[in-house]
Amino acid sequence: MKKLKKIFCILFFISLITITYKNVNAKLLPLNLTKKYSNQSLPSLSKILLKVIPSVVSINVQGSTFITQFQLPFKIQEYLNKNFSLCKEGSPYENTPICGNNNNILEQKFHSIGSGVIINSKKGFIITNNHVIDHANYISVELNNGKTYEAKVIGKDPQTDIALIQIKDKTENLKSIKIANSDNLKVGDYTIAIGNPYGLGETVTSGIISGLGRTGLNIENFENFIQTDAAINRGSSGGALVNLNGDLIGINTAILTPNEGNIGIGFAIPSNTINNLIKQFIKFGKVKRGSLGIYGIDLDSHIAKAMHASNVSKGIFIRKTESFKNNKLQPGDIIVTLNGKKIHSFTLLKAKISTLMRGTIIRLGIIRKGFFKKINIKLNDYCNNYSEKHIMYYGIEGGYLNNIILKKEIFFFKKFKKNAVKVVKVIPNSPAAMIGLKKGDIILSINKKRTKNIQDVKEILDQHPILILLYIIRGEERFYLLN
168 MKKLKKIFCI LFFISLITIT YKNVNAKLLP LNLTKKYSNQ SLPSLSKILL KVIPSVVSIN
228 VQGSTFITQF QLPFKIQEYL NKNFSLCKEG SPYENTPICG NNNNILEQKF HSIGSGVIIN
288 SKKGFIITNN HVIDHANYIS VELNNGKTYE AKVIGKDPQT DIALIQIKDK TENLKSIKIA
348 NSDNLKVGDY TIAIGNPYGL GETVTSGIIS GLGRTGLNIE NFENFIQTDA AINRGSSGGA
408 LVNLNGDLIG INTAILTPNE GNIGIGFAIP SNTINNLIKQ FIKFGKVKRG SLGIYGIDLD
468 SHIAKAMHAS NVSKGIFIRK TESFKNNKLQ PGDIIVTLNG KKIHSFTLLK AKISTLMRGT
528 IIRLGIIRKG FFKKINIKLN DYCNNYSEKH IMYYGIEGGY LNNIILKKEI FFFKKFKKNA
588 VKVVKVIPNS PAAMIGLKKG DIILSINKKR TKNIQDVKEI LDQHPILILL YIIRGEERFY
648 LLN
């Protein structure tokens, strides 16, 4: 009896081992299902690229910038000149900080690379980033067939980082890209990035759209970026971001990275932004922006509740309006849509408005006294004072400016009414303070060019002039400040 029990136990144990072994095999079996797909392959992008790559170019730039050179105190320089041969003509130290030079300005030459996209084949127009061609003395464009042409700047806009260049004396047919409507993009859409990273030539990467309407990155003044994980690297700036139809949806502009490499966070300027600017570049050579003339902030739950709009979670609260610019918007209004599309931040609203030309009619959806209302508004002349943020003006950083209408008897004792720019605040020890600007100063001109509004100031200073000559009114005094 005991022997039978032992035999039964042994047989039972063997059966468990067999079941377990079979179960292990059962778990591994699904791996063999891949055999069913062995004759299938992942989709190829080659047909799309054959269509797109001829429209993407490499850009080479030779240029120069001017910087203020550090110098030793004049007395030390004078002593060195009298007692040593270090600073004599022909000395290698002649134009160094030891000896200085006559104008204290040092020219720095540079060579840079980037990318561009042909958007008009007949006229040879190419869109790229402003930072690719900024301060350029010579621009050359290399097509995908290896041929090289000289190019010139048609228009540029530092505030959105977009520029339009044109091929000179083209002798062959070019291929332009089709531009898509970037308002139709959705997070998760596939993207293809094409550019000239590190001067390697046409390089293709792919990914998806990770985010839309990205702002607050402090890359440009007006930000409305497409975020993608398609790899974008140095030299890819100005290159094409396209969809799976091969249509342009954006211009590759920047990456977010703790070092020199790509970590899958790239940003592109949407094609609709580019479209609006191209028309102005071709017509005027610059951007003639429109303005809503409002002071606004992002809506939060506390403001929404106070304005009887608790059901509204996102929008722009209008704190103040400039009546001379429009009389349709009122303080207390909450902007929730722009041309039928939801708008969730003041920064994004400014970015979208910034690409529209003065005179453009836009359609806003607003909440007023708890009720939704649609209004049409014509954009007026642009000025920066509708922003709650301080704008940094090259050469006079730290100076807060505002537009004013000046009424005084100053020139030839004749009364006049003129628009001007007033300094409303100066940060201590800032560049603005160092050159002598004070609160209350009125800027009539910069470098002999009339400054009727803040936009005039920006247009002059955005050129990064070597000399900044400010003509100032301070009380009853009229004088120049020099930087």
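Per the numbering used here, residue 168 is the first one in the sequence shown, and the count goes up by one each step.
Cβ coordinates follow ideal geometry from the N, Cα and C atoms, glycine included.
Neighbour-count burial assignment, Ala347, 16 or more Cβ in a 10 Å radius: Taking all protein chains in view, the Cβ of Ala347 is crowded by 16 or more other Cβ atoms within 10 Å, so the residue is classified as buried.
Taking only the alpha-carbon atoms, compute the straight-line gap between Lys276 and Val299 and give it to the nearest angstrom. Computed Cα separation, rounded: 15 angstroms.
Using beta-carbon positions only, say whether Ile635 and Ile613 come within less than 8 angstroms of one another. The criterion of a C-beta distance shorter than 8 angstroms is satisfied by Ile635 and Ile613.
Coil, strand or helix - Leu379 by DSSP: Here DSSP, grouped into helix, strand and coil, assigns Leu379 to strand.
In whole angstroms, give me the CA-to-CA distance for Phe292 and Ile220. If I take the Cα positions, the gap works out to 16 angstroms.
Ile329 and Ile416 closer than 8 angstroms at C-beta: Ile416 is positioned such that its CB atom lies no closer than 8 angstroms to that of Ile329.
Quick check on this structure: which residue in Leu459, Ser468, Val593 and Arg486 has the alpha carbon closest to the alpha carbon of Arg530? Selected option, being the one with the closest Cα: Leu459.
Own chain partners of Glu564 with C-beta closer than 8 angstroms, once the 5 adjacent residues on each side are dropped: So the qualifying residues of the chain are Ser597, Pro598 and Ala599.
On the CB-based measure, 16 or more other CB atoms within 10 Å of its CB, does Leu367 come out buried or exposed? By the C-beta density criterion, Leu367 is exposed, having fewer than 16 other C-beta atoms within 10 angstroms.
Collapsed DSSP secondary structure at Gln447 in the structure displayed: If DSSP states are grouped into helix, strand and coil, Gln447 belongs with the helices.
Ile572 - partner residues in DSSP beta bridges: Ile572 has Asn586 as its beta-bridge partners, per DSSP.
Alpha-carbon to alpha-carbon, Gly230 and Gly413: Taking the straight line from one Cα to the other gives about 33 angstroms.
Cα separation between Gly322 and Lys453? So the alpha carbons of these two residues sit roughly 5 angstroms apart.
According to DSSP, is Arg645 part of a helix, a strand, or is it coil? Three-state result, Arg645: strand.
So which of Gly607, Val590, Gln333 and Ile594 has the shortest CA-CA distance to Ile445? The candidate whose alpha carbon is nearest that of Ile445 is Gln333.
Roughly how many angstroms separate the alpha carbons of Ser377 and Lys481, rounded to a whole number? Distance between Ser377 and Lys481, taken at the CA atoms: about 21 angstroms.
Please name the residue or residues paired with Leu505 in a DSSP beta bridge. Leu505 is bridged by DSSP to Lys508 and Leu531.
C-beta contact flag for Ser282 and Ile226 at 8 angstroms: Yes, these two residues count as a Cβ contact at 8 angstroms.
Backbone secondary structure at Asn620 - three-state DSSP: For Asn620, the three-state secondary structure derived from DSSP is coil.
For Pro498, is the classification buried or exposed, using 16 other Cβ atoms within 10 angstroms of its Cβ as the cut-off for buried? That one is exposed.
Taking 8 angstroms as the threshold (C-beta atoms), are Lys342 and Ser438 in contact? In this structure, Lys342 does not lie closer than 8 angstroms to Ser438 by Cβ.
Quick one: residues in its chain with C-beta nearer than 7 angstroms to the C-beta of Glu403, no 5 flanking neighbours on either side, listed in chain order? Note on identity: in this sequence residue 403 is Ser, with Glu being the wrong assignment. Hits under 7 angstroms: Ser282, Ala360, Gly362, Asn363, Pro364 and Asn419.
Taking the alpha-carbon positions, what's the Arg381 to Ala518 distance? Going by the C-alpha atoms only, they are around 11 angstroms apart.
Opposite Val228 in the DSSP bridges: which residues? In the DSSP secondary-structure assignment, Val228 is bridged to Ser279 and Ile306.
Integer Cβ distance of Val479 from Ile449, believed to fall under 8 angstroms: Contact between Val479 and Ile449 does not hold, since the beta-carbon distance rounds to 40 angstroms and is not under 8 angstroms.
Rounded to whole angstroms, what's the CA-CA distance from Asp336 to Asn304? Just pull it up for me. Rounded to the nearest whole angstrom, the C-alpha separation of Asp336 and Asn304 is 18 angstroms.
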